[in-house]
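There are 2 protein chains.
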Amino acid sequence: MVKGRHALPPPPGHGFPTGEFAGRTRRIQQLMAAATLDALLLTTPQNFRYLTGYASQFWESPTRPWFLVVPLQGDPIAVIPEIGGAQMGATWLRDIRTWPAPRPEDDGLSLLADTLGVLTRHSGRIGAEMGREMPMRLPLLEFQALSRALPDHQMVDASSAIWQARMVKSEAEIACIRYAALIASTAYEELHEYVRIGMTEREINSLLTRKMLAAGADAVPFLPVISGPGGVEQIVAGPGERALEAGDVLFIDTGVTYDGYFCDFDRVYAVGEVGEECRRAHDAVWCATQAAIDGLRPGMTCEELWGLMNAVLEEAGSLSNNVGRMGHGLGMQLTEPPSHMPGDKTVIEENMVLTIEPGMEYAPGKMIVHEENIVVRASGAELLSLRAPREMWVVSG
Amino acid sequence: MVKGRHALPPPPGHGFPTGEFAGRTRRIQQLMAAATLDALLLTTPQNFRYLTGYASQFWESPTRPWFLVVPLQGDPIAVIPEIGGAQMGATWLRDIRTWPAPRPEDDGLSLLADTLGVLTRHSGRIGAEMGREMPMRLPLLEFQALSRALPDHQMVDASSAIWQARMVKSEAEIACIRYAALIASTAYEELHEYVRIGMTEREINSLLTRKMLAAGADAVPFLPVISGPGGVEQIVAGPGERALEAGDVLFIDTGVTYDGYFCDFDRVYAVGEVGEECRRAHDAVWCATQAAIDGLRPGMTCEELWGLMNAVLEEAGSLSNNVGRMGHGLGMQLTEPPSHMPGDKTVIEENMVLTIEPGMEYAPGKMIVHEENIVVRASGAELLSLRAPREMWVVSG
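Residue numbers (our numbering), protein chains in the order written: chain A, 5 to 401; chain B, 5 to 401.
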């Protein structure tokens, strides 16, 4: 465990009770009924884990397709490669159908078509992952072959229904995100103790990753470390070989996971002294974040929440912002719907977990982004990350 | 750096010369011409990185689609969200077109359709990632909208052409895989120094991940740690909370990356004493591996290579094997084509990087898999992993 000012509390522990998965399934089935779907066909690691609890790093291998079928009534059915059968049997699922994969000439498709065919005699409509922020894991040629094998059926987009369920989190899910955020918060606060001028971005990435793993993170899939003299021009590609110099701005964003759930928030450090312009911009994004935290109420739209932040940034003279939005949903993915941006009319509900992420370009090619993670409660925002101080933290020689 | 018996040599360093990307592009264009394709449309992180060198952890966010267009002549064109523009400009690409994403009503599709429209006036055939082991990152609804925006064009599968290019590695790619394999080999050999009876699978996963990051791995996306009394019944889901006990078999598989390239090989440890049956099975899979390493020649098919291993396992009384094959291609993905299995007639070529991975069930519910990584040379297999000893390594109290 990291020994720091913040001793971490005990972790929430891995795994969810069966009742949680059964409840999620019932909720999905209500949404399926509303959308006149006879069955749902799921292929992504997140959707599998959401309904079954099945956790595996084997998703890293794209060779074999995996299928989860959710009927309108009853429990989900796994149609999966033999290699996964034993461990899927340890989940709450009872109906697990396997085939000897890989089998390029029929990699589960006939077994899947048989399974779906029996379940979809009502409307014939099968919901699939066809919409935004949820690309199907099944190759398109295979999906087309499946559609041909079910000629009396219609494949329709079910991503809205799935997101409607996944966007609102249970207390058990929130506990995982809170723990991930606490691990990252602690590492951020202690960063000045082990990061020094002269270290490269890559060294900082490696060190910080190891600190967070030692503190109990399951994985650190997202950790851009980006530095630049007086500011950074982008926030998505890094680390590189650049070594920290006095006068740099150091930007770090972190997505660590605990039991399948991400945190996602950044911090900006001054390396020694940075210019007044940069410090003013940091203050502006800090204040924009605070305006969103203070002003958020369930019932608002994402567009309205964006408006609270944007007013502060415009007042501060923001030139623009290439991120395109000021925060988003958070959960089993680093980024999930909704998006805080003009045009997103999603109504913010209790127990949604969101990032608050205002950013601004304060000089040509110099941008600053601030971010916190919150859960929406009846009374407003509850912080999951430990709130950053208003003044930038400093890394010194 | 890990201080061990094997001091690691200096790493090959990150990044490839521009000539490497230009060469890969020309090779792809030859394959496009052979397949009568006017352009290629690419969306996955691996295909982007293969042709541009663009490295980012931001792929973890599925919100915004990214597109790479490869014309039949000339350099690739990036059609990407504004957020990625600055850093894409640091690659060898010169034609970078951006739009302010996310923009759900038109997330780059009109810009992409304009780009493709101009380039595809010859055959009108556009190659896309539609085939095996390469699911498109673009949601299906968006792909359908793109197809409607290009009514005179035909979207066809280009995965075979892409795999034909990517399957054969350059010396620079091989150096990355060799380095990743060396990091994992060293960690495996030293495991008995820091793993003890009583540690949980999850603790071992965390410790081993941190060791390999400290030794210079960029990331450790794949590290199943699985234990069981006298054997394990599966090799893909783990780590869990189980603590090592005397008499266990401990299975660890590792995919670490260096500069975007994976190694992928496993080791099996005896925790104290394990039964004769298990040790005999380990010997059989070790010998099957050796038979493949000794017998491999360019010009053989994958099916023939499988035959060399299968003969040894059948002789040893293998019951079966739920993995479905005995190794595969390796590179920017943990698993890539081809597959060593009956029916895979892919001809093995020089500079392919392959896993050799025979497995057997030696008792009901008890399986053992052995694995090494090799590169194919004119004279046969050259090991990239440090060859495991014939006797199982032992973890003790």
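Ideal Cβ positions, reconstructed from N, Cα and C, are used throughout, including at glycine.
These figures come from a predicted structure and were not determined experimentally.
_Segment limits, alpha helix (DSSP H) that includes B:I372_ = Where B:I372 is concerned, there is no enclosing alpha helix (DSSP H), although the beta strand (DSSP E) around it starts and stops at 370-373.
*Which bits of chain A does B:P66 rub up against, with CB to CB less than 8 Å?*
Listed by position along chain A, the residues whose Cβ is nearer than 8 Å to that of B:P66 are E137, M138, P139, Q337, T339.
*asked:* Threshold first: 3 residues or longer. Then list the beta strand (DSSP E) segments lying entirely within the region 43-101 of chain B, N to C.
replied: Within the region 43-101 of chain B, the runs of beta strand (DSSP E) that reach at least 3 residues and sit entirely inside it are, in chain order, 43-46, 71-75, 81-85.
_Outcome for A:G131 when other beta-carbon atoms lying within 10 angstroms are tallied against a minimum of 16_ = Under this definition A:G131 is a buried residue.
_Quick check: A:E64 and B:L338, are their CB atoms within less than 8 Å of each other?_
A:E64 places its beta carbon less than 8 Å from that of B:L338.
_Strictly below 9 Å CB to CB, what residues from chain A border B:E245?_
Listed along chain A are G17, H18, G19, each with a C-beta nearer than 9 Å to that of B:E245.
*Taking 8 Å as the CB-CB limit, is A:D263 close to chain B?*
A:D263 has a beta carbon lying at 8 Å or more from every beta carbon in chain B.
*Does the distance from the CB of B:L120 to the CB of B:L45 come in under 8 Å?*
Yes, the pair counts as a contact, with Cβ atoms nearer than the cut-off.
*Is it the case that the Cβ atoms of B:A432 and B:P302 are separated by a distance below 8 Å?*
The requested residue 432 of chain B does not occur in the structure, where chain B is confined to residues 5 to 401.
*Which residues in the same chain as B:A37 place their Cβ atom closer than 7 Å to its Cβ, once the five residues preceding and following it in sequence are excluded?*
Closer than 7 Å at Cβ, skipping near neighbours: L76.
*Using only alpha-carbon positions, find the residue among B:T190, B:T124, B:H196 that is nearest to B:S400.*
When only C-alpha atoms are compared, the closest one is B:H196.
_Buried or exposed by the 16-neighbour rule on C-beta atoms within 10 Å, applied to A:R170_ = Burial of A:R170 is indicated by the presence of at least 16 other C-beta atoms within 10 angstroms of its C-beta.
*Under the rule that 16 or more other beta-carbon atoms within 10 Å means buried, what is A:M5, buried or exposed?*
Its pLDDT being 38, under 50, A:M5 is placed unreliably in this model, and the coordinates cannot settle the point.
*Closer than 7 Å: is that where the CB of B:L55 sits relative to any heavy atom of the ligand ZN?*
The ligand ZN is absent from the structure shown, which contains no ligands of any kind.
*Comparing alpha-carbon positions, which option in B:L309, B:I166, B:I297, B:A295 lies nearest B:T29?*
Answer by Cα proximity: B:I166.
*In three-state terms, what does DSSP make of B:S127?*
B:S127: coil per DSSP, three-state reduction.
*With B:N325 and B:M364 assumed to form a contact (beta carbons below 8 Å), what rounded beta-carbon distance in angstroms separates them?*
About 6 Å separates the two Cβ atoms, so the contact holds.
*Using DSSP with H/G/I as helix, E/B as strand and the rest coil, what is A:E318?*
Reduced to three states, the DSSP call for A:E318 is helix.
*Within 8 Å (strictly less), CB to CB, does A:H332 reach chain E?*
As a matter of chain content, chain E is missing from the structure shown, whose protein chains are A and B.
*Compile a chain-ordered list of the residues in the region 158-178 of chain B whose CB is closer than 8 Å to at least one CB of chain A.*
Listed by position along the chain: D161, S163.
*Between the region 43-59 of chain A and chain B, which residues of the former have CB atoms less than 9 Å from a CB of the latter, in chain order?*
Using a CB distance below 9 Å, the part of the region 43-59 of chain A facing chain B consists of T47, Y58, A59, ordered along the chain.
_Using C-beta distances below 6 Å, list every residue in its chain close to B:M345, excluding the 5 sequence neighbours before and after it, in chain order._
Residues W310, R329 of the same chain have their beta carbon placed closer than 6 Å to that of B:M345, with the five preceding and five following residues left out of the count.
*Would you be able to state if there are at least three C-beta pairs under 8 Å between the region 142-149 of chain B and the region 174-182 of chain B?*
In the pairwise beta carbon analysis, the region 174-182 of chain B is classified as not touching the region 142-149 of chain B: fewer than three pairs are separated by under 8 Å.
*Within chain B, the residues that A:A90 reaches when beta carbons sit closer than 7 Å*: Residues of chain B with a Cβ closer than 7 Å to the Cβ of A:A90 are, in chain order, E237, Q238.
*When you compare only the Cα positions, how much space is there between B:T124 and B:E109?*
Answer to the nearest angstrom: the Cα atoms are 25 Å apart.
*Alpha carbon to alpha carbon, how far is B:L227 from A:Q3? Give it in angstroms, no decimals.*
Look at the range of chain A in this structure, 5 to 401, and you will see that residue 3 of chain A is not part of it.
*B:G27 classed as buried or exposed, judged by whether at least 16 other C-beta atoms fall within 10 angstroms*: That one is exposed.
_Three-state secondary structure assigned by DSSP to B:F147_ = Reduced to three states, the DSSP call for B:F147 is helix.
*asked:* Using the three-state DSSP reduction, which class does A:L390 fall into: helix, strand or coil?
replied: DSSP places A:L390 in coil when its eight states are reduced to three.
*Classify A:K215 as buried or exposed, calling it buried when 16 or more other Cβ atoms lie within 10 Å of its own Cβ.*
Its Cβ being crowded by 16 or more others within 10 Å, A:K215 is buried.
*Would you call B:H332 buried or exposed, if buried means 16 or more other Cβ atoms sit within 10 Å of its Cβ?*
Counting Cβ neighbours within 10 Å, B:H332 comes out buried, since at least 16 surround it.
*Proximal residues to A:E86 (C-beta, below 6 Å), its chain only, five neighbours per side dropped*: Cβ within range, chain order: T102, P104.
*Examine chain B for any beta-carbon lying closer than 8 Å to the beta-carbon of A:F269, and answer yes or no.*
Proximity of A:F269 to chain B, defined by a Cβ-Cβ separation below 8 Å, is not satisfied.
*Check whether the Cβ atoms of A:I372 and A:V272 lie closer than 8 Å to each other.*
Taking 8 Å as the Cβ cut-off, A:I372 and A:V272 qualify as a contacting pair.
*What does A:E86 touch in chain B if you count any residue whose Cβ is under 8 Å from its own?*
Per Cβ cutoff of 8 Å: N326, G328.
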